[in-house]
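Some notes on the structure that comes next.
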Amino acid sequence: MKRIILFTLLTVTIVKSSEKTSDYYRELSDNIRLFFDVMMTFNENYVDTADIEKMMNEGIRAMLSTTDPYTVLLRDRELDHFNELSTGTYGGLGIFLGTSGPEKTLTVISPMDDTPASRAGLRAGDQIIFIDGKSTSGMTVRDASTHLRGEKGSRVNLKINRIGSERPLDFNLVRENINVRNIPYSELMDDGIGYIKLTQFTATSYSDFVRHFEKLISEGASSMIVDLRFNPGGLLDSAVRLTSGFLPRGSLVVFTRGRGETIDNEYTTYMTPLDTEIPLVVLINGSSASASEIFAGALQDHDRAVIIGEQTFGKGLVQQLFDVGNHDRRNLKMTVRRYYTPSGRQIQKDIIEDDKNLKAEKDTVFFNTLINKRKVASEMGVIPDIEIKSRRTPEYIQYLRMNNHFTDFLYHFTELNQDREYDGEVDDRILNEFREYLDNIGSGYRTRGEYLSDSLLKYFDDNGYDDEIVQHVRSAAGLMKQRVHELFDKHTEDIRTELQKDFSVFKWGSEERYRISNRTDNVIIRAAEILRDNKRYRKILGY
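The sequence shown begins at 35 in this note's numbering and counts up one residue at a time.
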C-alpha cells in the first residue's frame, strides 16, 4: 500500500513538473513569435527605412536590463578586457597617460620599465600631439589608449612636444606584449610590516604577488597588509590561488549555486601555502568587488585575517561568455550562478523593492566564521571587522586636482626652472609660486555658498525684493569670496602633499604616488597599529 501511494505521488509530481516545463516553453515560444511579428510588421510598414541593427541592439539591451547589471551583449572592445584578464598582457607601448595644460593635452605621466616606450626614450612630461598622424586635441586618455594599443609587432608613430626642445620629436615604435601591472607598489614599512597593493586579479596576479611577498619577507617583513581597495576583481581562479597562499591545502574558498539551492561547484585551496601563520590585514572599500570579495570573505570566514576599511561593493554573481549570432558573432556575458563564502553567506548584495517602490536592503541574515564562530553578515558584500572610512580629500583640493592645476603647475614650473634638480621635498618657495600661479590664472573655484547666493540674488531681483534684503545677501556673498582666498592657507599641507606627488612621479616614476600617499593614509596607519599589537590582533579574530 505504501509503495502504491509513493508511486502515485511520484507520478503526480512528474506530471506537474512536466506540465510546468511545457507551459514555460509554450510561453517562451509565443513571446519569441510576438517579437518576430512586431519586427517584420514594422520593417514592412514603417514610414521610414528602419535601422534594423540599431533597433535589435536596443531591444536586446532593454531585454537584458530586466535581469541584472552584469548580463550584457559585449562589443569587441569590451571583450578585449576579458582577454587582458585571462592572459595578464595586452599589446601596446607601456605608457601611463594623463593630461596637462589648459588644453588638457595628452601627456606621458611615466613610461613603464623595459617597454617600447622606455627603451625609445619617452619621458615623463612628454606631450603627445599626434598618434599616427591623428591630432590628439580633445582626445581623452581612454580614447588615446585605444589608439596606442594594438597587435604585437604592429607599428605606431608618435609626435611629441618636450620641455626644452625647440621642435616636436618623432617616435616610431613597435608594439609589444605589455604585462599588466597587478601590483603597482609594495614596501617594507616600520616594525617589519609589509605592504602590497593589488589592483586586479588576472592570470599573472598570483606569481606577481609571490614575487613581492617573498621580497618583503627577505627584507624582514614579519606581518603583511594586502590592500584591495579599488580592486574591482577579475578571475575566479586567481582569487582561489591567492587565497591558497594563506590557508592550508584543501580549505574551502568559495562555492556557487545556480538555479535552485543545490551547490554545483566548490573551490578549495590546492597548492602549498606561502604562509599560514603570518599576521595578515586585508584592506577593502566600496570599490572592492567580485574576486576581491572572494579573497577577503574566505580569509575572514577562516579567521585568518583582520579585514579593515569599508563595506565592499557586493558583486557575487558568476558570469559566463556565450557565442551568439550567425554572421556577426558576438558574445553574451550572462549571469549563471551566485558566489557564497565558506561559511555559507551570499556575497551578492541583495536588494528588494519596498512598499513605496524604492530600493531597500533585506533584513540581515548572519552566519558564523568557521573557527571562532564570529558573526558575519550575508547578502551585504563583505563587512570589515574594523570599519574605518578613508579620510576625505577637502573639496578645495579635489577641485584643484580635477581641474589639473597641480599637474599644469608642475609643467609650468619645470619649464621655467629647467636647471633646478628636485630633491623630493616641496619647499615654501615652490608652495608660494603655486599660490602666485593660481592667482595669475584664476583657479575658478567657487564655494557652494557662492552659487547659492547668486541664485538668491537672481530670485530676489526677478521678484522685486527690497534693497535691504538684497544688500544682506550681497554682503554674505562678499564674505564667502574672501574665504576662498583663505582656503589655500587652511589646506597648505594637503597642497604640499599633492604637489609632492606630482613632482616625485615626474622625477622618479609612478610608484612615488603610492609611497607619499601611504604616509598619511589613515586606514593604513590603523592597520599598522593593529599589526604592532599582536594581542589586539588575535582578539579581533576571536582567539
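Don't be surprised by glycine CBs; every beta carbon is placed ideally from N, CA and C.
| task | Please report the residue range of the beta strand (DSSP E) in which residue 214 lies. | result | Within the sequence shown, residue 214 is the residue found at index 180, counting from 1. Neither: residue 214 is in no beta strand (DSSP E) and is coded neither H nor E.
| said: Using C-beta distances below 6 Å, list every residue in its chain close to residue 369, excluding the 5 sequence neighbours before and after it, in chain order. | reply: As a working mapping, residue 369 is identified with position 335 in the sequence shown. Hits under 6 Å: 102, 104, 105, 351 and 353.
| From residue 393 to residue 108, what distance separates their C-alpha atoms? | As a position in the sequence shown, residue 393 is number 359, starting the count at 1. As a position in the sequence shown, residue 108 is number 74, starting the count at 1. Below a pLDDT of 50, predicted positions are generally treated as unreliable, and residue 393, at 44, falls in that range; the measurement from the model is reported next regardless. Whole-angstrom Cα-Cα distance: 27 Å.
| message | Can you check which of these residues, 274, 265 and 299, is closest to residue 344 by C-alpha distance? | response | Your numbering for residue 344 matches position 310 in the sequence shown. Ranking 274, 265 and 299 by Cα distance to residue 344 puts 265 first.
| message | Tell me the DSSP secondary structure of residue 71 in three-state form. | response | Within the sequence shown, numbered from 1, the residue matching residue 71 stands at position 37. Residue 71 falls in the helix class under three-state DSSP.
| task | Assign residue 475 to buried or exposed, taking buried as 16 or more other Cβ atoms, counted over all protein chains shown, within 10 Å of its Cβ. | result | Locating residue 475 in the sequence shown gives position 441, counting from the first residue. Exposed, since its Cβ has fewer than 16 Cβ neighbours within 10 Å.
| request: In angstroms with no decimal places, state the Cα-to-Cα distance between residue 260 and residue 216. | output: Walking along the sequence shown from the start, residue 260 turns up at place 226. Walking along the sequence shown from the start, residue 216 turns up at place 182. Taking the straight line joining both Cα atoms gives about 13 Å.
| said: Please report the straight-line C-alpha distance between residue 209 and residue 128, rounded to a whole angstrom. | reply: Walking along the sequence shown from the start, residue 209 turns up at place 175. Walking along the sequence shown from the start, residue 128 turns up at place 94. Straight-line Cα distance between these residues: approximately 9 Å.
| said: Considering Cα atoms alone, identify which of 300, 214 and 477 is closest to residue 288. | reply: Within the sequence shown, the letter at position 254 stands for residue 288. Ranking the options by Cα distance to residue 288, first place goes to 300.
| query | Name the DSSP bridge partner or partners of residue 145? | reply | Translated into positions along the sequence shown, residue 145 becomes position 111. According to DSSP, residue 145 bridges with 129.
| Are residue 197 and residue 445 touching if we call contact CB-CB under 9 Å? | Counting from one through the sequence shown, the residue named residue 197 turns up at place 163. Counting from one through the sequence shown, the residue named residue 445 turns up at place 411. The answer is yes: Cβ separation under 9 Å.
| Terminal residues of the continuous alpha helix (DSSP H) containing residue 175? | As a working note, residue 175 is residue 141 in the sequence shown. Start and end: 175-182.
| What's the C-alpha gap between residue 547 and residue 538? | For the purposes of this step, residue 547 is identified with residue 513 of the sequence shown, where counting begins at 1. For the purposes of this step, residue 538 is identified with residue 504 of the sequence shown, where counting begins at 1. So the two alpha carbons sit approximately 7 Å from each other.
| query | When you compare only the Cα positions, how much space is there between residue 158 and residue 307? | reply | Start at 1 with the first residue of the sequence shown, and residue 158 comes out as number 124. Start at 1 with the first residue of the sequence shown, and residue 307 comes out as number 273. C-alpha separation (whole angstroms): 40 Å.
| query | Three or more C-beta pairs closer than 8 Å, one from the region 420-434 and one from the region 554-565: is that the case here? | reply | Verdict: yes, contact present.
| field | Which of helix, strand or coil DSSP assigns to residue 569 | value | Translated into the one-based positions of the sequence shown, residue 569 becomes position 535. If DSSP states are grouped into helix, strand and coil, residue 569 belongs with the helices.
| said: Check for me: the alpha helix (DSSP H) holding residue 534 runs from which residue to which? | reply: Along the sequence shown, read from residue 1 onward, the residue named residue 534 stands at position 500. 526-542 is the extent of the alpha helix (DSSP H) around residue 534.
| Candidates 145, 64 and 574: which alpha carbon is nearest residue 543's? | Position 509 of the sequence shown, counted from the start, is the residue given in the question as residue 543. Measuring from the Cα of residue 543, the nearest candidate turns out to be 145.
| query | At a cut of 8 Å, does the region 215-230 reach the region 241-260 through at least three beta carbon pairs? | reply | yes
| message | Need the endpoints of the beta strand (DSSP E) that residue 286 sits in, please. | response | For this step, residue 286 is matched to residue 252 along the sequence shown. Looking at the DSSP string, the run of the beta strand (DSSP E) that includes residue 286 is 286-291.
| message | Can you look up residue 411 in the DSSP assignment and give me helix, strand or coil? | response | For the purposes of this step, residue 411 is taken as the residue at position 377 of the sequence shown. Of the three classes helix, strand and coil, the one that applies to residue 411 here is strand, per DSSP.
| At which residue ranges does the region 416-441 contain complete alpha helix (DSSP H) runs of 4 or more residues, listed in the order of the chain? | 429-436
| message | Just to check my reading of the structure: residue 309 and residue 329 have Cβ atoms closer than 8 Å, yes? What is that Cβ distance to the nearest angstrom? | response | By one-based count along the sequence shown, residue 309 stands at place 275. By one-based count along the sequence shown, residue 329 stands at place 295. Approximately 15 Å separates the beta-carbon atoms of residue 309 and residue 329; this is outside 8 Å, ruling out the contact.
| Straight-line CA distance for residue 567 to residue 506? | Position 533 of the sequence shown, counted from the start, is the residue given in the question as residue 567. Position 472 of the sequence shown, counted from the start, is the residue given in the question as residue 506. Using only the alpha carbons, I get a separation of about 56 Å.
| request: State the Cα-Cα distance for the pair residue 407 and residue 342, rounded to the nearest angstrom. | output: Position 373 of the sequence shown, counting from 1, holds the residue named residue 407. Position 308 of the sequence shown, counting from 1, holds the residue named residue 342. Whole-angstrom Cα-Cα distance: 19 Å.
| request: Counting only the same chain and skipping the five closest in sequence on each side, list residues whose C-beta sits under 7 Å from that of residue 440. | output: Counting from 1 along the sequence shown, the entry for residue 440 is found at position 406. The residues are 434, 532, 533 and 536.
| query | Roughly how many angstroms lie between the CA atoms of residue 156 and residue 203, to the nearest whole one? | reply | In the sequence shown, residue 156 corresponds to position 122, counting from 1. In the sequence shown, residue 203 corresponds to position 169, counting from 1. Separation of residue 156 and residue 203 (C-alpha to C-alpha, rounded to the nearest whole angstrom) is 10 Å.
| query | From 364, 432 and 365, pick the residue whose C-alpha is nearest to that of residue 478; which is it? | reply | Sequence index remark: in the sequence shown, residue 478 carries index 444 (1-based). Closest by alpha carbon: 432.
| Is it right to say residue 327 is buried, meaning 16 or more other beta carbons lie within 10 angstroms of its own, or is it exposed? | For the purposes of this step, residue 327 is taken as residue 293 along the sequence shown, with counting starting at 1. Result: buried.
| task | Quickly, what does DSSP pair residue 155 with across the bridge? List them, please. | result | Taking the sequence shown and counting its residues from 1, one reaches residue 155 at position 121. DSSP, once it has assigned bridges, lists no residue as partnering residue 155.
| field | For residue 243 and residue 332, the rounded distance between their alpha carbons | value | Position 298 of the sequence shown, counting from 1, holds the residue named residue 332. Position 209 of the sequence shown, counting from 1, holds the residue named residue 243. Answer to the nearest angstrom: the Cα atoms are 18 Å apart.
| Per DSSP, the bridge partner or partners of residue 509 | Counting from 1 along the sequence shown, the entry for residue 509 is found at position 475. None, per the DSSP bridge assignment.
| message | I need the DSSP call for residue 261, collapsed to helix, strand or coil. | response | As a first step, residue 261 must be located in the sequence shown, where it is residue number 227. Residue 261: strand per DSSP, three-state reduction.
| query | Could you give the distance in angstroms between the alpha-carbon of residue 526 and the alpha-carbon of residue 509? | reply | Residue 526 sits at position 492 when you count from the first residue of the sequence shown. Residue 509 sits at position 475 when you count from the first residue of the sequence shown. So the alpha carbons of these two residues sit roughly 27 Å apart.
| task | Look up residue 360 in the DSSP assignment and give the residues it is bridged to. | result | Within the sequence shown, the letter at position 326 stands for residue 360. Beta-bridge pairing links residue 360 to no other residue.
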